[in-house]
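What follows is one structure encoded as structure tokens, with my remarks underneath.
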Amino acid sequence: MKKTKLILFFGLVLISVFASYVTAQFLNDLGSPDLIAWWEFDGDATDRSGIAANGTVNNAVITNQGRFNDAYYFDGDGDYIDLGSLEVVDTDGNFTISTWINPAINYGSRQTIFSQGKSDSAVPILLFRILSNVDASPNQLQLFLRDGSSNTISVVYGSAFPSGWHHVAAVKIDNVINIYIDGINISGSGDAQIGSIYDQIWIGRDATLSNTNYFNGIIDDVRIYNRSLSAAEISDLYNGTTSRHVKFYGDPTEGLVDITEGVAGEGLVGLWHLDGNAKDDSGEGNDGTVNNALVTNEGRFNEAYYFDGNGDSITIGNMFFDYSINSITAGGWAKVIETGTPNRAFLSDRSGADNDPWMIRVQGGLFKISTVNETGSNQADIISPNSYNVGEWYHVMFSYNNETSELLLYENGILVANGTMNGHLESHGSINIGTYVTTNDWNGLIDEVRIYNRTLSADEIADLYNGTTSRHVKFYGDPTAGTVNETDGVTDEGLVGLWHLDGNAKDDSGEGNDGTVNNALVTNEGRFNEAYYFDGNGDYISIGDNDIYDLGTGNLSMCVWVKTNFTATTTHRIIHKESGLVYWGLGYTTENRYVFGIRDSTDGVSASAWGNYFNNEGDWNFICGVAERESITGIRIYENGQLISAEDATTESGSLDMDSTLFIGGQADQRWYQGTIDEVRIYDRVLSADEIADLYNGTRSTHMKFYGDPTSG
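With this note's numbering applied, the sequence shown has no gaps in its numbers, which climb one by one up to 757 at the end.
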């Protein structure tokens, strides 16, 4: 039994276990006793709070383009969710309404997100909505309340609502009502004296029955609390649901996933994963500019940047630090690839002027920190006693305490050197990755760079090292200690191929069947992280011919996430292996249907199961094919976790052994697929319907759902 440690914040934990990584989602429940209604919209309108306020969906359509996994799309013309008559929001007391919305940008009518009430007369009503472009406050977010005595309150956001996904919340605390957008309090009312409002509850439509103020757009993750959340909790709720897909590399099996205290987001002002770009994932907007450095899929985690030592760098720009009042912790993962004793800069706060504050570099075969104080009168070099090995990854961090002027250098989570300097570092703000301005350019790879405006403890540095030695994690909020027990899931039994397609075609099943990519392009628009886009004109991935795919008269299962965006002219191959009469695979046909089939060598006639007719080009779909050879319903195709059709497998009782290449995205110079492919897996056994449902649920968001608040255990 293996254990995989997670650095976690609080609340709901959604974890998915696969052969070589874990995906996790963290959604704060922020005190579940006060969470009195919660509609995740992951495929239905079930209330997750426990009070069973389940909704009835009227015309709204499930989309997998939600803020988290699925959500509901409302077309603005009669779509809504009826939640019945519930005493959920007591407007006489305190409450919080929270949700994610992605509205249409043309507000020709009012866009109602949430409402309570059902009358045209002056009786109680609650409306959380975006006003129309002809209202007095055009296109602005509004909370409107009216009680049975015709007392009204209207709180509006003072600017037009922005496009795209945004977290919105309305909070009533005593006689004050506040509206939040993306965790920020943007409007408030100081006199919210209003009576109770109890009546019909709706999502996506106005409570007054005669108007048509339906929502046009997507709504996800609606929550109601019977208390007022604090500004910090609203911020945590926003930040706790901004990060959805987390990867933990390793090989977890049945056992425990230990939740330990980790490094919180406090003070994180720069976080560059360097997974194909220099985007800052700290939330501070400190995106970098890449200068000549090249993306490589040989990173410490997923991708990284390769610097050739001759003008390659990533510049962050104006990221000002006042070191008289701010401490700093900075570093990341670095690999030197040149021999000798080069003098190369890994990370620096320098512009080439006098008294540039600090630089992490290698010199004389050692990692070191070079610093200069604000007057230039004192320079301090803190040098590691350990020689580095060329071609190996090292986690290198340094910290500076502005109160004590202490400098600490850490290597692979261990404090290896320390010292002090006279005075403070020079206040500055020109961060460079892979260079000291235009000299001492790095020759090697860099991954996972981060900067904090505080001093991390030794334990936190160790957690960072241990938390990034085997997985790639993004966290927001405060960690809570606890244990999550892994229970029923899809085992690795019979898994003979697993290609995550995250920047490469590596086989993570453990069977070593790595693929060769031919023309297909990496895209960061995958179902999970990256995927490969196939243009329908010669793009494919060749897996080769391995004896493990000589199935004989044995069984077979395969699953894949696909996004199809073309009209088929033949049966285009998604996963395919064929030689002469014999073949097996998944394809997409001229009828806009997915098909799974096998054919043995006996008669040239195949056994195939056909999927539904699709008109949702551009949407992600999870397709599985199963061949249970001795069953009259053994050829089965599943779409998005549901069995669609089953055909007789006993007609194909011969051997499926063949000398041929296994392809993803094509078939030996023909029948190319056009679209995006992600998460391909093949088993030499029958997956059950429950296992396929688990895989669908496990790869669309999670493999196992743990509701509640994990504590120590």
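All residues carry an ideal CB built from backbone N, CA and C; glycine is no exception. No experiment lies behind these values; they were computed from the predicted model shown.
Verify whether the separation of the beta carbon atoms of Asn-599 and Arg-725 is less than 8 Å. no
With 16 other Cβ atoms within 10 Å as the buried cut-off, status of Glu-537: exposed
Length of the line joining the Cα atoms of His-210 and Leu-281: Each residue's Cα considered, the two are about 12 Å apart.
Going by C-alpha to C-alpha distance, which of Ser-443, Gly-327, Asn-283, Met-602 sits closest to Ser-371? Residue Ser-443 is the option with its Cα nearest to Ser-371.
Burial state of Glu-696 (16 or more Cβ within 10 Å): Buried, since its Cβ has 16 or more Cβ neighbours within 10 Å.
By a C-beta neighbour count over all protein chains shown, 10 Å radius and 16 as the cutoff for buried, is Gln-423 buried or exposed? Flag for Gln-423 reads exposed.
Opposing strand residues paired with Val-683 [DSSP bridges]: Note that residue 683 is Glu in the sequence shown, not Val. Answer is Ile-667, Gln-686, bridged to Glu-683.
Taking contact to mean at least 3 C-beta pairs separated by less than 8 Å, is the segment 330 to 345 in contact with the segment 585 to 601? no
Mark Ser-43 as exposed unless 16 or more other C-beta atoms lie within 10 angstroms of its C-beta, in which case mark it buried. Residue 43 falls outside the range modelled here, since the chain spans only 45 to 757, and no answer is possible.
Expressed to the nearest angstrom, what Euclidean distance is found between the alpha-carbon atoms of Ser-514 and Ala-378? Its pLDDT being 33, under 50, Ser-514 is placed unreliably in this model, and the value from its coordinates should be taken loosely. Between Ser-514 and Ala-378, the C-alpha separation is close to 15 Å.
When we look at the beta-carbon of Ile-458 and count the other beta-carbons within 10 Å, is it buried (16 or more) or exposed? Burial call: exposed.
Over the uninterrupted beta strand (DSSP E) stretch that includes Ser-326, give me the two end residues. Element bounds for Ser-326: n/a, residue is neither H nor E.
Determine the closest residue to Ile-618 out of Glu-555, Asp-551, Glu-723, Phe-85, with distance taken between C-alpha atoms. Glu-723
Local Cβ density within 10 Å of Gln-160, reported as buried at 16 or more and exposed below that: buried
Supposed close pair Ser-392, Leu-410 - CB separation, criterion 8 Å: Not a contact, Cβ separation roughly 17 Å.
Which value, in whole angstroms, describes the spacing of the CA atoms of Leu-318 and Val-406? 21 Å
Would you say Asn-173 and Leu-312 are within 8 Å of each other, going by their C-beta atoms? Reading off the sequence shown, one finds Arg at residue 173, where the question assumed Asn. No, the Cβ-Cβ distance between Arg-173 and Leu-312 is not below 8 Å.
With H, G and I counted as helix, E and B as strand and the rest as coil, what does DSSP make of Ser-732? coil
Is it a yes or a no for the segment 696 to 708 touching the segment 641 to 653, going by three-plus beta-carbon pairs under 8 Å? yes
Can you tell me whether Ser-553 is buried or exposed? The criterion is at least 16 other CB atoms within 10 Å of its CB, across all chains shown. buried
Hey, would you say Tyr-258 sits closer than 8 Å to Thr-156, going by beta carbons? Between Tyr-258 and Thr-156, the C-beta spacing is below 8 Å.
Residues that Tyr-39 bridges to, as DSSP identifies them: Outside the modelled stretch of the chain, which goes from 45 to 757, sits residue 39, for which no answer is possible.
Where does Tyr-454 sit, in a helix, a strand or coil, going by DSSP? strand
With Thr-634 and Thr-614 assumed to form a contact (beta carbons below 8 Å), what rounded beta-carbon distance in angstroms separates them? 7 Å
Should Asn-557 be labelled buried (16 or more other beta-carbon atoms within 10 Å of its own) or exposed? buried
Shorter than 8 Å from the beta carbon of Ser-231 to some beta carbon of chain C? This model lacks chain C altogether, as it is built from one protein chain only.
Does the count of Cβ pairs from the segment 200 to 207 and the segment 181 to 192 closer than 8 Å reach three? Under the three-pair Cβ rule at 8 Å, the segment 200 to 207 counts as touching the segment 181 to 192.
For Arg-494, the first and last residue of its enclosing beta strand (DSSP E): Per DSSP, Arg-494 belongs to the beta strand (DSSP E) from 487 to 496.
Between which two residues does the beta strand (DSSP E) carrying Phe-640 extend? It spans 637 to 643 - the beta strand (DSSP E) in which Phe-640 sits, taken as one unbroken run.
Pro-182, enclosing beta strand (DSSP E) - first and last residue: Here Pro-182 belongs to no beta strand (DSSP E), and DSSP marks it neither H nor E.
I need the DSSP call for Ile-268, collapsed to helix, strand or coil. strand
Am I right that Thr-720 and Glu-569 are in contact with their C-beta atoms under 8 Å? What's the rounded C-beta distance? Indeed they touch by this definition, with Cβ atoms about 7 Å apart.
Cα-Cα separation between Phe-188 and Ala-180, rounded to whole angstroms: Approximately 14 Å, taken between the alpha carbons.
Let's see if you can read the secondary structure: which residues bound the beta strand (DSSP E) around Val-649? Note, Val-649: premise wrong, no beta strand (DSSP E); not H, not E.
By DSSP, does Asp-738 sit in helix, in strand, or in coil? helix
Which same chain residues, not among the five before or five after Ala-612, have their C-beta less than 7 Å away from its C-beta? Tyr-632, Thr-633, Thr-634, Asn-636
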